[in-house]
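Engineer:
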Amino acid sequence: MDYNFHWRPVFKSLPDLLESALLTLEVAILSMILGILFGLALSLIRIKMTGPLKWFAVSWIELARNTPALLQLFFFGFGLGAFGIHFSPFLIVLLGLTFNNSGYLAENFRGGFNSIPDTQIRASLSLGMNNFQTYTRIIIPQVLRVVYHPMTNQMVWAVLMSSLGMLVGFRELSGETQFFASKTYRIFEYFAATAIIYYVIVKIILGLSRLMASRLFKY
Amino acid sequence: MESPSTYFSGFNINDLLYLGEAALRTLWISFWAISIGSFIGIFLGLALSVSRVIAYTLGAVLDVFRSVPLIIQLVLFFNFAPIIGLRLNPFEAGLIVLIVYTSAYVANVARGGIEAVGIPMRRAARSLGMTYWQDLRYVVWPIGLRAVFPAWVGVALGVLKDSALVSILGYIELLKASQILMTRTQEAILILSIAGAFYFALSYPISYYATRLEQRWSE
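Note that the protein sequences, when read in sequence, are chains X and G.
Using our numbering, you'd call the opening residue of the first sequence number 1 and step up by one each time.
Using our numbering, you'd call the opening residue of the second sequence number 220 and step up by one each time.
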């Protein structure tokens, strides 16, 4: 083994790496928030509606679930150029992740909604609640319990998938790492440091989610 | 003056064959990654379920592969292999990383399957005179498989889609082939759609079949 490890450049650029890790978190959280909104809408459309709207929701969900995330990013990055639409790298990653998250979350939500028996809706309606109250007070809290863990997993996935931003020129954690790695030729050292940062981020997310779960689901 | 677009040649029927061949390569690397990874993963899952000490130590190691983006793992290993004197081509390096990645996920699935069987059932098998391996083969395997087969299909499909990332090492599978064609023809949306259709055709039938199977078993 005649390779000498040089860790000094990594330590020197550690502040930059950590700052770009914030960008990773930012895009992951934003895509999760949008993904939850779209996913909720898609799952409700898929359950309740018929016709072209349902067809649209089903094809969104199945396309998001059955093609690689990287291909979806490329589609937003390069494919839409055919229509003269050009996004910034940040938007490419955000839209790609949102598209992907919505598809997966929609299926999770569908499982959650299906796990609540219809009798609950009828019972709350006959207690005098209107539709809105029924959903916000009876159905959604129960669904949240079912989909909480899948949602946590999806958040972790969003962080991991955001690393694909490196291939569309987005300078989040992976992109920044690649930038420094190609500047210094210390590829292994930089990517090892990045792997550790990702690991810590994922552990923090899982820890926070466990903490939140113990507060949210006391009963 | 000629327009620069004449430097590029359009998409023709040979390119479709080229993409088809690349899709077979995607299938080839995923097939080996899934089969070898599942085989190793089942034994890892068995080890995880045997003792608590192993579950904590081995579990923590496997957890790393699920908490670091695959793309980082690929770059890291591809650049680490030469340091310890291994000469690997992109296919071998990609396959090794995918195998480890698959087995880390399958280990968790397998542990879930083994735990789904339950201690009383296994004690009963042992007291009927079965050996340890007979208990595993004739009691744990058939019951556990039923419990976690859908989860395993999910992992396998995930690996099929994640194999797209091996393209960054230079292995010409479906996504890399479409990148090459996009550079030559400049028809990004057409080629990405074809590549997406190939992925969809590989993934959707399996996921549809697995959902149906799950429904039938749950009745």
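By construction, the Cβ of each residue, glycine as well, lies at the ideal position given by its N, Cα and C atoms.
Please list the partners that X:Ala195 has in chain A, where partner means a Cβ-to-Cβ separation under 7 angstroms.
Structural biologist: The question asks about chain A, but that chain is absent: this structure's protein chains are X and G.
Engineer: Can you tell me which of G:Arg244, G:Tyr357, G:Leu388, G:Ala370 puts its alpha carbon nearest to the alpha carbon of G:Asn308?
Structural biologist: G:Asn308 has its Cα closest to that of G:Leu388, out of G:Arg244, G:Tyr357, G:Leu388, G:Ala370.
Engineer: Using only alpha-carbon positions, find the residue among G:Leu355, G:Ser254, G:Gln405, G:Phe417 that is nearest to X:Ala82.
Structural biologist: Nearest Cα to X:Ala82 within the set G:Leu355, G:Ser254, G:Gln405, G:Phe417: G:Gln405.
Engineer: Taking the straight line between their C-alpha atoms, what separation do you get for X:Ala195 and X:Phe132?
Structural biologist: So the two alpha carbons sit approximately 45 angstroms from each other.
Engineer: Tell me whether the beta-carbon of G:Ser397 lies closer than 9 angstroms to the beta-carbon of G:Leu295.
Structural biologist: no
Engineer: In the DSSP assignment, find the unbroken alpha helix (DSSP H) run with X:Pro89 in it and report its ends.
Structural biologist: 89 to 114
Engineer: Within the 9 angstroms Cβ cut-off, does G:Ala370 reach chain X?
Structural biologist: Not a single C-beta of chain X is nearer than 9 angstroms to the C-beta of G:Ala370.
Engineer: Using a C-beta to C-beta distance shorter than 9 angstroms, which residues of chain X count as neighbours of G:Ile315?
Structural biologist: None at all; the shortest Cβ gap to chain X is about 16 angstroms.
Engineer: State yes or no: is the C-beta of G:Val176 within less than 9 angstroms of the C-beta of G:Val336?
Structural biologist: Given a span of 220 to 438 for chain G in the structure shown, any question on residue 176 of chain G remains unanswerable.
Engineer: Measuring only the C-alpha atoms, how far is G:Ala488 from G:Ile273?
Structural biologist: Nothing about residue 488 of chain G can be read from this structure; chain G reaches only from 220 to 438.
Engineer: Provide the residue span of the alpha helix (DSSP H) that contains X:His149, from first to last.
Structural biologist: 140 to 161
Engineer: Let me know the secondary structure DSSP gives G:Ser228 once reduced to three states.
Structural biologist: coil
Engineer: Verify the CB distance criterion: does G:Ile387 have a CB-CB separation below 9 angstroms to chain X?
Structural biologist: It does: the Cβ of G:Ile387 has a partner Cβ on chain X nearer than 9 angstroms.
Engineer: Between the Cα of X:Thr136 and the Cα atoms of X:Gln120, X:His149, X:Met151, which residue gives the shortest distance?
Structural biologist: X:Gln120
Engineer: Quick check: the Cα distance between G:Trp251 and G:Leu263, rounded to an integer number of angstroms?
Structural biologist: 18 angstroms
Engineer: When the cut-off is 9 angstroms and only beta carbons count, does X:Leu37 lie next to chain G?
Structural biologist: no
Engineer: Examine chain X for any beta-carbon lying closer than 9 angstroms to the beta-carbon of G:Ile408, and answer yes or no.
Structural biologist: yes
Engineer: With DSSP run on the structure shown, which of helix, strand or coil describes G:Gln398?
Structural biologist: helix
Engineer: Report the three-state DSSP secondary structure of G:Met349 (helix, strand or coil).
Structural biologist: Three-state result, G:Met349: coil.
Engineer: So, using beta-carbon positions, are X:Phe75 and G:Ile408 closer together than 9 angstroms?
Structural biologist: Using a Cβ distance threshold of 9 angstroms, X:Phe75 and G:Ile408 count as a contacting pair.
Engineer: Against chain X, does G:Tyr423 count as a neighbour if the rule is that its beta carbon must be under 9 angstroms from one of theirs?
Structural biologist: yes
Engineer: Please state whether the Cβ-Cβ distance between G:Lys380 and X:Thr67 is less than 9 angstroms.
Structural biologist: yes
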